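S.K.: For reference, the structure I am asking about is given below.
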Amino acid sequence: MSTKTFDNIRNFSIVAHIDHGKSTLADRLIQTTGTVAARDMSEQMLDSMDIEKERGITIKAQTVRLDYRAQDGKDYILNLMDTPGHVDFAYEVSRSLAACEGSLLVVDASQGVEAQTLANVYQALDAGHEIVTVLNKIDLPAAEPERIKQQIEDVIGLDASEAVPISAKTGINIEGVLEAIVHKLPAPKGDLEAPLKCLLVDSWYDAYLGVVVLVRVIDGVLKKNMTIRMMRANAAYGVDRVGVFKPKMTEVKELGPGEVGFFTASIKEVADTAVGDTITDEKRQTPQALPGFKPVQPVVFCGIFPVDAADFEVLRSAMSRLRLNDASFSYEMETSAALGFGFRCGFLGLLHLEIIQERLEREFNLNLISTAPSVVYHLNLRDGTVLELHNPADMPDVMKIETIEEPWIKATIFTPDEYLGSVLKLCQDRRGVQTDLSYVGSRAKVIYDLPLNEVVFDFYDRLKSISKGYASFDYAITDYREGDLVRMSILVNAEPVDALSMLVHRSRADARGRAMCEKLKDLIPPHMFQIPVQAAIGGKIIARETIRALRKDVTAKCYGGDASRKRKLLDKQKEGKKKMRQFGKVEIPQEAFIAALKMDS
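Given below as structure tokens:
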């Protein structure tokens, strides 16, 4: 078997913290190489979803093929993968890195190294990548390239002496980046004569073409009209078209070793195209499959229900179509007494949850409500079995439970010195355990162990507000630890509302319960009778608020005369209210649910 390098190909991804200029650099590379005509250029060329353009973030990793003639006169094919920077989409990043040999590390020359920069660069180093450092935004008055170079060497341990200084926005020195890609990143290796072996990087559904499959060819050649086999799914298909993205789909005759492109094969179900699968030739199969990717682990769970019960079927089909495009999103059916039929969904984080909910509402015209996000707990029962608990409402009887374990994370926070006190206080309030505190220039790098259920509500928002947006945050789940956790139920008029029950740490249960009751008191409109709103742990009430009754003036028609007559009418009203209270059903408006679930500020 003759493995050789394909010298004219370079596969690389761009990794960076959020807002350090990945997508803008990708735009400039596309423009400088003339891949897209100047009149067709737009901002954030590779961010195809409306949400991506509006929020200015990348959600899906995208690929594009650039043709570049270097200064030495040789022609090169550059396959670029633009990856997301946000922690919730780390799975997209890991898949893209597996298809490349090198990475461009983009660092903002005024902000320097942030938490996410570290996380993504370590991922690239784990994937065995060669790394070229790029200092972006050197045209800003606040840019300090020399200090940031030193910081990259101190914090990450990469040699930054040859970092390429650029401004992706104004296009300064983009040629320098292209030359660095060509001369410093390694060429892919592969065997042209071997049986076909491709890595399935991504797949999505197209209304006209069926499933479009993005692949990186390792060995052999992928051609039109050949029959391929998916090794994990164990299914065979005939290839209809083979092509590359420039960023528009462009058909080619074949894809050889080291190339990144797509094919379609009249595949109806994206479920058949599992990311990380190995694709081979049906007639000449490769003996060994690729290791693939480790399956994604959802971190946060929440229930999603249609506001109008008649939309349930629409929601079901919308979920299955979104699942096709997003391998890190999972769901299963569930029912709730308060909200009817819906789905229990798993996400990689709160931003991921928000994006999925927004996509469901926009792309499928749905009106949705989601329950409080919760994490996965491990319950060790007295009979020795271990249960995974996704929904606090499903918790078994307390007497059967020996211990409850909750997930803990290792959080890395970078913050300017003046906000350090507030950041430490926030972490302490959330039951955090400090493991490290060091300084990188004038910024502090804090490492904390934190319970995930304290982070999942609004930790990121609080962190941003106390640091005026300057702190950056990244986390990874480390292990499960035993905790003193209790289930808190919310009762309205003595009826438990399952959608509002949650698992909380015993030390914070009273405060959480009080806050929830106060919030609901303002949100539920008054009825003709008094309504108690209570928070309870088991049979013990820990907080209570009362919503006052609406009072109809029954004595309006009595003017003057005997006081006992008025008294009689009031007593009669009181009796009626008592009876009503017994049978009266409290209507909790939809907005009250949504607002109550957004509590914890």
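Take the sequence shown: its position 263, counting from 1, is numbered 270 in this note's numbering, and each next residue is one higher.
For glycine and all other residues, C-beta sits at the position ideal for the given N, C-alpha and C.
The structure presented is a predicted model; accordingly, all values stated were derived computationally and were not measured.
#1: What is the residue span of the beta strand (DSSP E) that G347 lies within?
#2: I need the DSSP call for T124, collapsed to helix, strand or coil.
#3: Under three-state DSSP, which class holds A317?
#4: Could you please give the first and the last residue of the uninterrupted alpha helix (DSSP H) stretch that includes I155?
#5: Please report the residue range of the alpha helix (DSSP H) in which A33 lies.
#6: Who does Y477 pair with in a DSSP beta bridge?
#7: Hey, P264 and D198 are a contact pair by Cβ (cut 8 Å); roughly how many whole angstroms apart?
#8: Exposed or buried, N143, counting other C-beta atoms within 10 Å across all chains shown (16 or more means buried)?
#9: Starting from E251, trace the beta strand (DSSP E) both ways and give me its first and last residue.
#10: Output the boundary residues of the alpha helix (DSSP H) element that contains E409.
#11: As a quick exercise: from D74, G28 and N15, pick the residue whose alpha carbon is nearest that of I37.
#12: Using CA coordinates, which residue listed in H136, I235, I484 and L427 is at the minimum distance from K475?
#13: Starting from D529, follow the alpha helix (DSSP H) in both directions and report where the run begins and ends.
#14: Whole angstroms are fine: how far does the CA of Q295 sit from the CA of N18?
#15: Is it true that the CB of E341 sits closer than 8 Å to the CB of L349?
#16: Could you give the C-beta distance for V114 and A23, rounded to a whole number, given that I count them as a contact under 8 Å?
#17: Return helix, strand or coil for I188, following the three-state DSSP convention.
#18: Can you find a heavy atom of the ligand HEM that lies under 7 Å from the Cβ of S343?
#19: Drop a sphere of 10 angstroms on the beta-carbon of H190, count the other beta-carbons inside from all chains shown, and report buried for 16 or more, exposed for fewer.
#20: Rounded to the nearest angstrom, how far is the Cβ of N398 from that of F308, given a contact under 8 Å?
#21: Looking at the unbroken alpha helix (DSSP H) that takes in G428, where does it start and where does it end?
#22: Return the CA-CA distance between A556 and I538, expressed in angstroms with no decimal places.
#23: Kindly indicate which three-state DSSP category S508 falls into: helix, strand or coil?
#24: Return the bridge partner residues of Y212 from the DSSP annotation.
#25: For a quick check, are the C-beta atoms of V618 and L375 less than 8 Å apart?
#26: Do R328 and V267 have their CB atoms nearer than 8 Å?
#27: Could you tell me the boundaries of the alpha helix (DSSP H) in which N387 lies?
#28: Would you mind sorting S55 into buried or exposed? The rule is 16 or more other CB atoms within 10 Å of its CB.
#29: Answer yes or no: do A542 and L346 have a C-beta to C-beta separation smaller than 8 Å?
#30: Let me check understanding here. Comparing Cα to Cα, which of C107, E186 and I181 lies closest to D79?
#31: Take the Cβ of E320 as the centre, count every other Cβ of all protein chains shown within 10 Å, and call the residue buried at 16 or more, exposed below.
#32: Would you call P458 buried or exposed, if buried means 16 or more other Cβ atoms sit within 10 Å of its Cβ?
#33: Can you tell me whether Q292 is helix, strand or coil according to DSSP?
M.R.: So, to answer that:
#1: G347 to F354
#2: helix
#3: helix
#4: P152 to V162
#5: K29 to T39
#6: Y477 is not bridged to any residue.
#7: 7 Å
#8: buried
#9: In the sequence as presented, Glu is not what sits at residue 251; that position holds Val. Residues R248 to K253.
#10: Unbroken run through E409 is the beta strand (DSSP E), I408 to P423; no alpha helix (DSSP H).
#11: D74
#12: L427
#13: R513 to L530
#14: 23 Å
#15: Reading off the sequence, residue 349 comes out as Gly, not Leu. Contact flag set, yes.
#16: 7 Å
#17: helix
#18: With respect to the ligand HEM, the structure shown offers nothing to examine, as it has no ligands at all.
#19: exposed
#20: 7 Å
#21: L427 to D436
#22: 7 Å
#23: coil
#24: V218
#25: Not covered by the structure: residue 618. The range shown for the chain is 8 to 608.
#26: no
#27: Careful: N387 lies outside any alpha helix (DSSP H), inside the beta strand (DSSP E) at Y384 to L388.
#28: Any reading at S55 needs caution, since the residue's pLDDT is 48, under 50, leaving its predicted position unreliable; the model's value is listed next. With fewer than 16 Cβ atoms within 10 Å of its Cβ, S55 is classed as exposed.
#29: no
#30: E186
#31: exposed
#32: buried
#33: coil
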